[in-house]
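Okay, structure first, notes after.
In the numbering used here, the protein residues as written are 1 to 334.
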């Protein structure tokens, strides 16, 4: 599984949705194919990474891969929006402590880039890897995540020292990113996303440092990480794999291969969690079908095609089996 594929809070998807709305899209257009509603993004504790990824894909498909679109979403992040992880950063004794705790509890964020710290002579380099991101949304999500880093840094300290950031983004996108954080030097077209942090900066105390609170926040972060791990069983991974490409009517053998298991092991693991591949696939297709028929307003034939069915009749039989009624009760005309 890619490193970005973990359950996360809904704030990232909510900010992408808000960006789409600001550009004239409707909530339905932004959320199609996610199985989510606008209300869900206000109420749910966790969503799948693939659902957030789908929101990004919807924006790119509707608006084009616009430079600055990801920056618009990323600059909306606040420390409160990222919960106890944000307060662990805020109360860290020094910059070094904040960066290390941020990377350690990376899976409590909504990031798609993968942070890796390395030591190099008299400075530390924070690499934000994007090589696992799908090509169609890579620039959007890199923009968003780097802009979120810049926005959070502005909240940590009032005056930001000059920091150099190398990015894989082209110059026009780098320019939009540099506007988020005055003093940030952004070098575009580089092979990796790197932030260079000199030793004199890393040892600088943060203005709201509180070691007692920081220790409490770290304990809460670890507890949250442990709880999240409990929710990421095999059923969650299968749901994620099915949501990634709902238009392909994938079989159990293909999903098992993606998850690096044989079919027998996958079947046993799902049974241990009280479910089956067939039940999970029906759950995903049922949720998406009702949304596309009743909310988005697609025809029966269009929904059948988007869910990978060979023809509308096969989809109609499946839908009737799930719900006890014809899909035409959700969409009265073909």
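From the three backbone atoms N, C-alpha and C, an ideal C-beta is built for every residue, glycine too.
Beta-carbon contacts of residue i that lie in its chain and below 6 Å, excluding the five residues immediately before and after
| i | result |
| --- | --- |
| residue 220 | 84 |
| residue 335 | Outside the displayed span of the chain (1 to 334) sits residue 335, for which this structure offers no information. |
| residue 292 | 298, 303 |
Residue range of the unbroken beta strand (DSSP E) whose run includes residue i
| i | result |
| --- | --- |
| residue 198 | 194 to 198 |
| residue 124 | 123 to 129 |
Local conformation of residue i per DSSP, three classes
| i | result |
| --- | --- |
| residue 114 | strand |
| residue 94 | strand |
| residue 166 | strand |
| residue 190 | coil |
| residue 185 | strand |
| residue 284 | helix |
| residue 253 | helix |
| residue 8 | strand |
| residue 134 | coil |
| residue 207 | coil |
| residue 46 | coil |
Exposure of residue i, with buried meaning 16 or more beta-carbon neighbours within 10 Å
| i | result |
| --- | --- |
| residue 92 | buried |
| residue 272 | exposed |
| residue 174 | buried |
| residue 212 | exposed |
Own chain, CB closer than 8 Å to residue i, minus 5 neighbours either side, in chain order
| i | result |
| --- | --- |
| residue 100 | 117 |
| residue 332 | Legend: pLDDT at residue 332 = 43, less than 50; position of this residue unreliable, no value from coordinates given. |
Host alpha helix (DSSP H) of residue i (start-end)
| i | result |
| --- | --- |
| residue 145 | 138 to 156 |
| residue 52 | 49 to 63 |
| residue 265 | 263 to 272 |
| residue 179 | From DSSP, residue 179 is part of no alpha helix (DSSP H); its letter is neither H nor E. |
| residue 69 | 69 to 74 |
| residue 39 | 38 to 43 |
| residue 27 | 27 to 31 |
Same chain, Cβ closer than 7 Å to residue i, neighbours up to 5 away in sequence not counted
| i | result |
| --- | --- |
| residue 60 | 136, 137, 140 |
Of all the alpha helix (DSSP H) runs that stay within the bounds of the segment 293 to 320, which reach a length of 4 or more residues? The segment 293 to 320 contains these whole alpha helix (DSSP H) runs: 300 to 306.
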